[in-house]
Amino acid sequence: MQRHRSARCGPRSGSRSGWLSFRAAVATAALLACCQGAGPALAKPPVASAGPDRKVPPGVITLDGTASRHPAQAALSYQWSYTGGPAPCRLSSETVATPRVELVRPGLYTFGLRVYDAFQTSQLTEVAITVLDVPPTCGVGPDQQVPTGSVALTGWATDANRQPVTVSWSQTGGPRQVTLSDPSSPRTSFTVPGDGAGVYRFVLKASDGVNSTTCGPVQITVDDLPEPHGYVNPMTIAPGGKTELNGSGSTDKNPEDNPLTYGWAVASGPDRGTLTGADQPWAKFTATKAGTYDIQLTVRENKNGREAATRVQVKVKNVPPTASAGPAQTAHREEVALDGTGSSDENGDAVTYLWKQTEGPEQLPIADPTSPRPSVKGTKPGTYTFTLVVNDGENDSGPASTTVTLKNAVPVPIVPGAVTARPGPLMLNGAASTDPDADPIRYIWAQSSGPAPAPISGLATCCPTVVLTLPGTYVFELTVSDGVATSFPVRSLVIVGP
3 MQRHRSARCG PRSGSRSGWL SFRAAVATAA LLACCQGAGP ALAKPPVASA GPDRKVPPGV
63 ITLDGTASRH PAQAALSYQW SYTGGPAPCR LSSETVATPR VELVRPGLYT FGLRVYDAFQ
123 TSQLTEVAIT VLDVPPTCGV GPDQQVPTGS VALTGWATDA NRQPVTVSWS QTGGPRQVTL
183 SDPSSPRTSF TVPGDGAGVY RFVLKASDGV NSTTCGPVQI TVDDLPEPHG YVNPMTIAPG
243 GKTELNGSGS TDKNPEDNPL TYGWAVASGP DRGTLTGADQ PWAKFTATKA GTYDIQLTVR
303 ENKNGREAAT RVQVKVKNVP PTASAGPAQT AHREEVALDG TGSSDENGDA VTYLWKQTEG
363 PEQLPIADPT SPRPSVKGTK PGTYTFTLVV NDGENDSGPA STTVTLKNAV PVPIVPGAVT
423 ARPGPLMLNG AASTDPDADP IRYIWAQSSG PAPAPISGLA TCCPTVVLTL PGTYVFELTV
483 SDGVATSFPV RSLVIVGP
C-alpha cells in the first residue's frame, strides 16, 4: 500500500516530539511492571490493527483499532497518527481505540496505529480510507399554479465534498419556450407570454466539475386569463354625443373563478371625456373635443385577481367652428372696433381669427387682423364690409360678414349772441364753428335783412368785416361746409344805435 504524507494532523510517526513522548510512556509502564513483579509472559509485543481499508462517502468516520491484541491479554494503550492524504484533518482523539475524523475532500487518506503495554510497543500499522467523489445534492421548490406574469423558480445545491457547485436551469416542457432571467442562479424567473397558459416543466442540474445531479422537474401551471371583449356603438359621434361601450361578451376560462369584475377607463385622447357606469359590463362615454379616444376595458377574476385588458376606439367628429362678425355699426368716421368674440366651436376647441375687408369706398387698415376685436378707421363716408373666418386648428368656419357705415358729420356754425354797435365797420365772428369729423370748414356769410345794405369784406372767412351805415337791426347768416355737407344757416344780429 502506498503511503501519502502530504498533510499531517497530530504527531506523525518518526517525529521526535511524538515518538519521545510515546517511548517515555512505555518506559514508565515497564518500570512499574518490574516493580510489581511482572513475568516473562509479557515478553511478546502487542499487535496493532487499524481495521480494514475502506471506501466511504465524505463525512465523519470512525477509525477502529479494537481488533488490536495482546498475547497475554494485557491492557493496551493506543496511539493514532495521520500519515497522509489530500487535505489536513483532525482526529477527535489520538489515544482512544475508536477516534472519529471528518474527511471531506475526495482522495486516499492513511492513518497509522501503534499499541503498547507496560513493556513493549507494537509495529506501526496503517489503514487506508478512500473518500469518494460523490455527486452534488440538489432540490427544487414546490409546484406552482399561477396566472400570467412573472414566475419565480427556486432551487438549491450542495456538495458533500465541499467542492464548488454550479447550477443550470433548463425547460423540459410547456406550451411556449420561455426565457429564464438567470439560468445559472439557484433563484431565477421567467415571464409567461400573454397566450401562454398551460403546464411548464423545469429541471435543475448541479455539477461539481466531475459529477452532476439533475433535480426536478418542478411543474408550473399557468392558468388561462379571462378574455376581455369590448364593443362600441356607434364608433363615431358628434361632440357632446354619447356612445355605448359593451364588455358583456368577455369570458372566463376558469369558471370556478367567476364572477368577473369590469373596469372602463380612457387610456388616451384629447381629454378625459365622461364615463358613466365604468365598473359595469355596459358603460356610456361622452366627449366634446374632437379626436380619437382609446378606451380600455379590464376584466378581472374575482377569486384570484387574474386580469386582462383590451381597448376600443371612439372617434369624436370635428365640427367646423362658427364665425360671428358682430352687428353692423354706424359711426362718424371715428375709430371702430370689430367684434368676433361671438364665434364658437362645438368641439370646445380654441379658435384663431382672420379679418378681411371685402367692400368699401377705400381700403381701410385693420389694426390686427388676427385679433377677435381689431379696430379700423376710415376717412371717406360710406359702407365698408368686413369678413371674419375662424379656424379650430383643423377646419375653417364659413365666412361671416358685418358692415361699418361711416357718415360725414355736418359741421356746426356758431356765432355770438346779438351785438350792439354804432354806425361804421364791424367784425362778425364765426370762429367758434366746428366740424365733428375735424374736417376743414368753409365759411359762407350773407346779409339777410337790415335798414341798409352792409357790404361784407371776406365772405369766406370766419370773421369778415361789414360796414353799417344806418341805425337799426341787421341780420347776417353764417353757413359752414366741410366740402361734403353744408350746415343750415345761423343768424348773427347786430343792433346799430343812432
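Residues are numbered in this note's numbering as their position in the sequence shown, beginning at 1, plus a constant of 2. Even for Gly, the Cβ is constructed at its ideal location relative to N, Cα and C.
Checklist entry - If you draw a straight line from the alpha carbon of Y80 to that of L110, how long is it in whole angstroms? => result Rounded to the nearest angstrom, the two C-alpha atoms are 23 Å apart.
Checklist entry - For G493, which residues does DSSP report across the bridge? => result Reading off the sequence shown, one finds Arg at residue 493, where the question assumed Gly. Looking at the DSSP assignment, R493 forms a beta bridge with E479.
Item to check | Contact set for Q179: own chain, Cβ-Cβ below 7 Å, skip 5 residues either direction | outcome: If we look at Q179 and ignore the five residues flanking it on each side, its Cβ neighbours are Q173.
Item to check | Residue interval of the beta strand (DSSP E) (run including Q147) | outcome: It spans Q146 to V148 - the beta strand (DSSP E) in which Q147 sits, taken as one unbroken run.
Next on the checklist: Tell me the rounded alpha-carbon separation between E309 and A162.
Outcome noted: Rounded to whole angstroms, E309 to A162 spans 46 Å at the Cα level.
Next on the checklist: Taking 7 Å as the limit between beta carbons, can you name the residues of its chain near A454, skipping five residues before and five after?
Outcome noted: Closer than 7 Å at Cβ, skipping near neighbours: T471 and L472.
Next on the checklist: Can you check which of these residues, V392, V58 and V212, is closest to Q165 by C-alpha distance?
Outcome noted: Taking only the C-alpha atoms, the option nearest Q165 is V212.
Item to check | Nearest candidate by alpha-carbon position, reference V498, set A462, D439 and G426 | outcome: Put simply, of A462, D439 and G426 the residue whose alpha carbon is nearest the alpha carbon of V498 is G426.
Checklist entry - In terms of alpha-carbon separation, which member of S83, A456, S250 and E364 lies closest to E229? => result Here the closest residue by C-alpha is S250.
Checklist entry - Around the Cβ of C465, are there at least 16 other Cβ atoms within 10 angstroms (buried) or fewer (exposed)? => result By the neighbour-count criterion, in which 16 or more other beta carbons inside 10 Å mark a residue as buried, C465 falls on the exposed side.
Checklist entry - Should V205 and P188 be called a contact, given that it needs their Cβ atoms to be closer than 7 Å? => result Contact: no.
Item to check | Simplified DSSP state of A402, which is helix, strand or coil | outcome: Reduced to three states, the DSSP call for A402 is strand.
Item to check | Close beta carbons around K317, own chain, < 7 Å, minus the five adjacent residues each side | outcome: Cβ-Cβ distances below 7 Å link K317 to M237, T238 and T294 in the same chain, with the five nearest sequence neighbours on each side left out; the list follows chain order.
Checklist entry - With 16 as the cutoff for other CB atoms within 10 Å, does E361 come out buried or exposed? => result In this structure E361 is exposed. Its beta-carbon is surrounded by fewer than 16 other beta-carbon atoms within 10 angstroms.
Checklist entry - Who are the near neighbours of A420 in its chain, counting only those whose CB is closer than 7 Å to its CB and skipping five residues on each side? => result Cβ-Cβ distances below 7 Å link A420 to L495 and I497 in the same chain, with the five nearest sequence neighbours on each side left out; the list follows chain order.
Checklist entry - Exposed or buried, which one is V58 when buried takes at least 16 other CB atoms within 10 Å? => result By the neighbour-count rule (16 or more Cβ atoms within 10 Å), V58 is not buried but exposed.
Checklist entry - Among G242, T312, A487 and L126, which residue has its Cα nearest to the Cα of T253? => result That would be T312, whose Cα lies nearest to the Cα of T253.
Item to check | Cβ pair A52, V129 closer than 7 Å | outcome: Taking the C-beta atoms as reference points, V129 is found nearer than 7 Å to A52.
Next on the checklist: Taking the alpha-carbon of P241 as reference, which of P149, W357, P323 and D145 has the nearest alpha-carbon?
Outcome noted: Considering only alpha carbons, the answer is P323.
Item to check | Secondary structure, beta strand (DSSP E): runs of 3+ residues fully inside the region 424 to 483 | outcome: With a minimum length of 3 residues, the continuous beta strand (DSSP E) runs that stay inside the region 424 to 483 are 426 to 429, 444 to 451, 467 to 470 and 474 to 483.
Item to check | Within the region 341 to 366, ranges of the beta strand (DSSP E) (whole runs, at least 3 residues) | outcome: If only complete runs of 3 or more residues are kept, the region 341 to 366 shows the beta strand (DSSP E) at 354 to 361, in order along the chain.
Checklist entry - Where does A333 fall in DSSP's three states? => result Note: A333 maps to strand in three-state DSSP.
Next on the checklist: What residue range does the beta strand (DSSP E) around C140 cover?
Outcome noted: Boundaries of the beta strand (DSSP E) harbouring C140: T139 to V142, taken from the DSSP string.
Next on the checklist: Can you give me the C-alpha to C-alpha distance between R493 and K379, rounded to a whole angstrom?
Outcome noted: Computed Cα separation, rounded: 35 Å.
Next on the checklist: Let's see if you can read the secondary structure: which residues bound the beta strand (DSSP E) around G200?
Outcome noted: G200 to S209 is the extent of the beta strand (DSSP E) around G200.
Checklist entry - For A120, which three-state DSSP category applies? => result In the three-state DSSP reduction, A120 falls in the coil class, being neither helix nor strand.
Item to check | At least 3 beta-carbon pairs within less than 8 Å: the region 363 to 376 vs the region 325 to 345 | outcome: Segments in contact, yes.
Checklist entry - Would you call the region 64 to 77 and the region 111 to 120 touching, i.e. three or more CB-CB distances under 8 Å? => result Yes: the two stretches touch, three or more of their Cβ pairs being nearer than 8 Å.
Checklist entry - Span of the beta strand (DSSP E) holding I222? => result For I222, the enclosing beta strand (DSSP E) stretches over residues S214 to V224.
Item to check | Assigned exposure category for N304 - 16 Cβ within 10 Å defines buried | outcome: By the Cβ-count criterion, N304 is exposed, with fewer than 16 other Cβ atoms from all chains shown falling within 10 Å of its own Cβ.
Checklist entry - Among A89, A76 and L93, which has the Cα closest to the Cα of W82? => result Put simply, of A89, A76 and L93 the residue whose alpha carbon is nearest the alpha carbon of W82 is L93.
Checklist entry - On the three-pair Cβ rule with 8 Å, is the region 385 to 404 touching the region 353 to 367? => result Because the criterion of three Cβ pairs below 8 Å is met, the region 385 to 404 and the region 353 to 367 touch.
Checklist entry - Could you check where the beta strand (DSSP E) with I368 kicks off and where it finishes? => result Judged by DSSP secondary structure, I368 falls outside any beta strand (DSSP E); it is assigned neither H nor E.
Checklist entry - Got a sec? Which residues, its chain only, sit under 8 Å from V148 by beta carbon, not counting five neighbours each side? => result In the same chain as V148, and ignoring 5 residues on each side of it, the C-beta atoms closer than 8 Å to its own belong to V194, I222, T223, V224 and D225, in chain order.
Checklist entry - For A411, which three-state DSSP category applies? => result Of the three classes helix, strand and coil, the one that applies to A411 here is coil, per DSSP.
Checklist entry - Just the Cα atoms here: how many angstroms apart are E479 and A423? => result Straight-line spacing of the CA atoms in E479 and A423 works out to 17 Å.
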